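Quick notes on the structure that follows.
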Amino acid sequence: MAILPPENRLWWKEPLSGTEIVWIAVAFVWGLVMFGTMVSWHFVGKQNLSNEAYRIDPAVYAELTEAQAEKYKVRMEGNLDVPVSHPPPGSDVYMLGRLWEWWPVLELEKDQTYRLHLSSVDWQHGFSLQPQNINLQIHPGYDMVLTIKPDKAGEYAVVCNEFCGIGHHTMVGKIYVVDKK
Ligand code: CUA
C-alpha cells in the first residue's frame, strides 16, 4: 500500500519491473513526439506565428497605444465607448491587454501589412484571435511584435485565454478587417 513507507528503505535500488520499463519507454518516446510536434507545428500549423519580443516599460507601452488610438480614431464603439483605431497600412499598430479588456478596437485593411504590437500593462494575459485560433502569451514588460497581413475581411474576436482574475471571462476585444478595394 502506497500510504505506508516501503519495507525496503533503499527502494530505488531494486530492479525495475518489466511493466515499469515499458511505461518509462512509452513516456520517453511520447515526450520526443510532443517535442517534435511543437517545433514542426511552427512551420506547418498556422496558429503559432513568428514574433519578435522587446523589453518595454508598461507605462511607455500604454502611452504609445493611447497616442495611436487617439490619433487614428475613426469612431467610438459599444456601451463602454471604446475607440476604434484605423492606423495607416504598413504602420506599427498597438493593442494592449489590461484588466479586463483588449484595447483599443483595431480596424485594419485587407491585404495590407502591419506590425502588430501586443503587450500587457498589468499582468499575464492570453491573446487569442478567433476564429483564426492564433494564440500568444502576453506579458507586462515585453512588447510582442507580429508582422501580419490579414487576407480575409471580417470581424475577428480577441479573447483572453489566460486566467487573469475575477473579470477574465469579460476580457474581450475586436479587430475589424475591411476591404478597401
Ligand atoms: Cu486577461 Cu484572462
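Count along the sequence shown from 1, add 1427, and you get the number used in the numbering used here.
Where a beta carbon is used, it is the ideal one built from N, C-alpha and C, also for glycine.
Keep in mind the model is a prediction, meaning the values are calculated, not measured.
Practice task
Give a single yes or no on whether E1528 has its beta carbon closer than 6 Å to a heavy atom of the ligand CUA.
Solution key: By one-based count along the sequence shown, residue 1528 stands at place 101. Outside the cutoff, so no.
Handout entry: Residue range of the beta strand (DSSP E) that includes S1512
Key = Indexing the sequence shown from 1 puts residue 1512 at position 85. First-last of the beta strand (DSSP E) with S1512: V1509 to S1512.
Practice task
Would you kindly work out how many angstroms separate the C-alpha atoms of K1537 and V1456, rounded to a whole number?
Solution key: One-based indexing of the sequence shown puts residue 1537 at position 110. One-based indexing of the sequence shown puts residue 1456 at position 29. Cα-Cα distance, rounded: 43 Å.
Problem - Cβ contact check for the stretch 1447 to 1461 and the stretch 1531 to 1548: 3 or more pairs under 8 Å - result: no
Handout entry: Beta-carbon gap between Q1495 and Y1521 smaller than 7 Å
Key = The residue you call residue 1495 lines up with position 68 of the sequence shown. The residue you call residue 1521 lines up with position 94 of the sequence shown. The answer is yes: Cβ separation under 7 Å.
Practice task
Could you tell me whether any non-hydrogen atom of the ligand CUA is closer than 6 Å to the CB of M1522?
Solution key: As a first step, residue 1522 must be located in the sequence shown, where it is residue number 95. No, the ligand CUA has no heavy atom inside 6 Å of this Cβ.
Practice task
Mind checking who S1547 pairs with in its DSSP beta bridge?
Solution key: Counted from its first residue, the sequence shown places residue 1547 at position 120. In DSSP, S1547 forms a bridge with G1524 and P1567.
Handout entry: H1595 beta carbon near the ligand CUA (any heavy atom closer than 6 Å)
Key = Counting from 1 along the sequence shown, the entry for residue 1595 is found at position 168. Yes, Cβ of H1595 sits closer than 6 Å to a heavy atom of the ligand CUA.
Practice task
Measure the CB-CB distance between V1586 and V1599 and report whether it falls below 7 Å.
Solution key: Within the sequence shown, numbered from 1, the residue matching residue 1586 stands at position 159. Within the sequence shown, numbered from 1, the residue matching residue 1599 stands at position 172. Yes, they are a contact pair.
Handout entry: Element boundaries [alpha helix (DSSP H), containing Q1557]
Key = Walking along the sequence shown from the start, residue 1557 turns up at place 130. Q1557 -> not in any alpha helix (DSSP H); beta strand (DSSP E) instead, spanning H1552 to Q1557.
Handout entry: Distance, I1602 Cα to E1582 Cα
Key = Residue 1582 sits at position 155 when you count from the first residue of the sequence shown. Residue 1602 sits at position 175 when you count from the first residue of the sequence shown. Using only the alpha carbons, I get a separation of about 6 Å.
Practice task
Could you tell me which residues DSSP puts in a beta bridge with A1480?
Solution key: Residue 1480 sits at position 53 when you count from the first residue of the sequence shown. Paired residues: M1571.
Handout entry: Proximity winner among D1578, H1596, H1566 and K1579, relative to A1480 (alpha-carbon distances)
Key = Indexing the sequence shown from 1 puts residue 1480 at position 53. Comparing Cα positions, the closest option is H1566.
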